[in-house]
Amino acid sequence: MLDIASMRGSLAEAYDLAPSVEAAEATRDIHARMDRVVPFADWARYAPYVIAINRLKAERNAVILAHNYMTPEIFHGVADVVGDSLQLAIKATEVEADVIVQCGVHFMAETSKILNPAKTVLIPDMEAGCSLAESITAAGIAEMRAKYPGAPVVSYVNTTAEVKAASDICCTSSNAAQIVAAMEGDTVIMTPDQYLAQNVAKMVPQKNVVWWEGSCIVHEQFTPQDLRDFRKFNPETRIIAHPECPPDVVAEADFSGSTSGIIDYVHKHQPKSAMLVTECSMASNIADELPGVDFVGPCMMCPYMKKITLEKILWSLHTMSQEVVVDLEVAAKARIAVQRMIDLSRKIAG
Ligand code: 13P
Ligand code: SF4
761 MLDIASMRGS LAEAYDLAPS VEAAEATRDI HARMDRVVPF ADWARYAPYV IAINRLKAER
821 NAVILAHNYM TPEIFHGVAD VVGDSLQLAI KATEVEADVI VQCGVHFMAE TSKILNPAKT
881 VLIPDMEAGC SLAESITAAG IAEMRAKYPG APVVSYVNTT AEVKAASDIC CTSSNAAQIV
941 AAMEGDTVIM TPDQYLAQNV AKMVPQKNVV WWEGSCIVHE QFTPQDLRDF RKFNPETRII
1001 AHPECPPDVV AEADFSGSTS GIIDYVHKHQ PKSAMLVTEC SMASNIADEL PGVDFVGPCM
1061 MCPYMKKITL EKILWSLHTM SQEVVVDLEV AAKARIAVQR MIDLSRKIAG
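Position 237, counted from 1, in the sequence shown is what my numbering calls 997; the numbers after and before it change by one each time, with no gaps.
Written out as structure tokens, the structure reads:
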């Protein structure tokens, strides 16, 4: 576990990280991408970190891959690539720099290491987990195989390397229905997200989809009544839900898609008002690109994603610590499942 006090002490000796109006002024162009959601006074606190991280990235020949749930100062301030799980996995295969700093959760960093094993992959906080990834082990996959002999196992990328290695193919929220539809046989096992599986089952009625009972602690909190109440008082609002939400929630939404699918939908339709039924930072990250859209509704935070901060990113790059290592044999097997997903996704997209 990170010793925050000693990390802060060491960083203060190595960098000038005091809030600075000069640093904030010097990086006004970056702040302009988030000034609807990050006040200039806050930016004066972040700017010294952003400057130090961007310098260190060049010195270490590192790139930052950041998930759409990162906070705006990370998403706009230091990330080289942003995206959903599928986009980040594909980008990881293309990285030429020596170091990948994964700003997201642990399974995402493992996926990058699996796909590009020659690179040093760092995660700023090893404890950035995921309730879905923690809900199943390779023994759980074996249990499902014993229960449904011969059925292919489609595992969400939100799983550990061991679980990926025990699966036939992976999927993400942006390709799950197409991957399941492409499987041979009538029954398809989906792990570990019961709600994603139930949403996919509705979209692929020709398959008998069976699932593991995992769930996302963020998306399972939304209820269909929340959405109905909201729509009643704000009938013009477009409601857009991530498919990790329970199916009765997705049924109340106007659209459901991956985090990048949600961003694309709002860009395309530019509604006057939008409720993103997903993690809180999503709306903040696109608020400035879409000045005509009011983002409304509840704000749910992923406590794992929020473990990643500018301070920990700087520490990780400064010390080259929090390296993600995957057993070579496990990685080789997991790579087959992830690569199958990438190849099939490309084939489906034409
Ligand atoms: P996406 O692949 O849609 O970005 O989802 C990842 C995730 O963890 C959502 O909770
Ligand atoms: Fe996992 Fe849910 Fe957090 Fe995504 S939002 S990382 S699925 S806990």
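Ideal Cβ positions, reconstructed from N, Cα and C, are used throughout, including at glycine.
- When the beta-carbon positions are compared, residue 858 and residue 814 stay at least 9 Å from each other.
- Buried is the label assigned to residue 837, since at least 16 other Cβ atoms lie within 10 Å of its Cβ.
- For residue 1001, the enclosing beta strand (DSSP E) starts and ends at 998–1001.
- When rounded, the separation of the alpha-carbon atoms in residue 868 and residue 1038 is 18 Å.
- Taking the Cβ atoms as the reference, residue 811 lies roughly 7 Å from residue 787, within the contact range of under 8 Å.
- In the three-state reduction of the DSSP assignment, residue 1081 falls in the coil class, being assigned neither a helical nor a strand state.
- Checking the DSSP bridge columns, you'll see residue 1055 partnered with 1034.
- In the three-state scheme derived from DSSP, where H, G and I count as helix and E and B as strand, residue 801 is classed as helix.
- For ligand 1, no non-hydrogen atom lies closer than 8 Å to the CB of residue 951.
- Taking every protein chain shown into account, the CB of residue 936 has 16 or more other CB atoms within 10 angstroms, so this residue is buried.
- Selection 983, 785, 1107 and 1027 evaluated against residue 1051 yields 1027 as nearest (Cα-Cα).
- The closest CA to that of residue 1040, considering only 1084, 781, 828 and 807, is found on 828.
- Exclusion of residue 775 from the 8 Å shell around ligand 1 follows from its C-beta lying no nearer than that to any non-hydrogen atom of the ligand.
- In summary, residue 920 is buried, with 16 or more beta-carbon neighbours lying within 10 Å of its beta-carbon over all protein chains present.
- Contact between residue 908 and residue 949 holds, since their C-beta atoms are separated by about 6 Å, short of 8 Å.
- Shown here, residue 876 sits in coil according to DSSP, grouped into three states, outside any helix or strand.
- Between residue 998 and residue 941, the C-beta gap is not smaller than 9 Å, which leaves the two residues out of contact.
- Shown here, residue 916 sits in a strand according to DSSP, grouped into three states.
- Setting aside the 5 residues that flank it on each side, residue 1095 is surrounded in the same chain by 874, each with a C-beta closer than 6 Å to its C-beta; the list follows chain order.
- Every unbroken stretch of the alpha helix (DSSP H) spanning 4 or more residues and falling wholly within the region 768–848 is given here in chain order: 781–786, 788–791, 800–820 and 832–835.
- Assigned with DSSP and collapsed to three states, residue 900 falls in helix.
- Distances taken from the Cβ of residue 1089 to the heavy atoms of ligand 2 include none shorter than 8 Å.
- Residue burial annotation: residue 1061 is exposed, with fewer than 16 other C-beta atoms found within 10 angstroms of its C-beta.
- Residue ranges of uninterrupted beta strand (DSSP E) with 3 or more members, entirely inside the region 955–1013 and ordered along the chain, are 968–971 and 998–1001.
- Closest in C-alpha terms to residue 894, from the list 794, 976, 809 and 843, comes 976.
- The alpha-carbon of residue 1073 is positioned some 14 Å away from that of residue 772.
- Sorting 839, 805, 1013 and 927 by C-alpha distance to the C-alpha of residue 816 places 839 at the top.
- Collapsing the DSSP output to three states places residue 891 in coil.
- For residue 949, the uninterrupted beta strand (DSSP E) run begins and ends at 947–951, by DSSP.
- Cβ atoms of residue 775 and residue 1071 stay farther apart than 8 Å, at about 10 Å.
- Within the DSSP bridge table, the entry for residue 922 names no partner.
- Approximately 5 Å separates the beta-carbon atoms of residue 1003 and residue 956; this is inside 8 Å, confirming the contact.
- For residue 883, the secondary structure class from DSSP, reduced to helix, strand or coil, is coil.
- Comparing alpha-carbon positions, the option among 1079, 848 and 959 lying closest to residue 870 turns out to be 848.
- Taking 9 Å as the cut-off, the beta carbon of residue 887 is found closer than this to the beta carbon of residue 1067.
- A heavy atom of ligand 2 is found nearer than 8 Å to the CB of residue 891.
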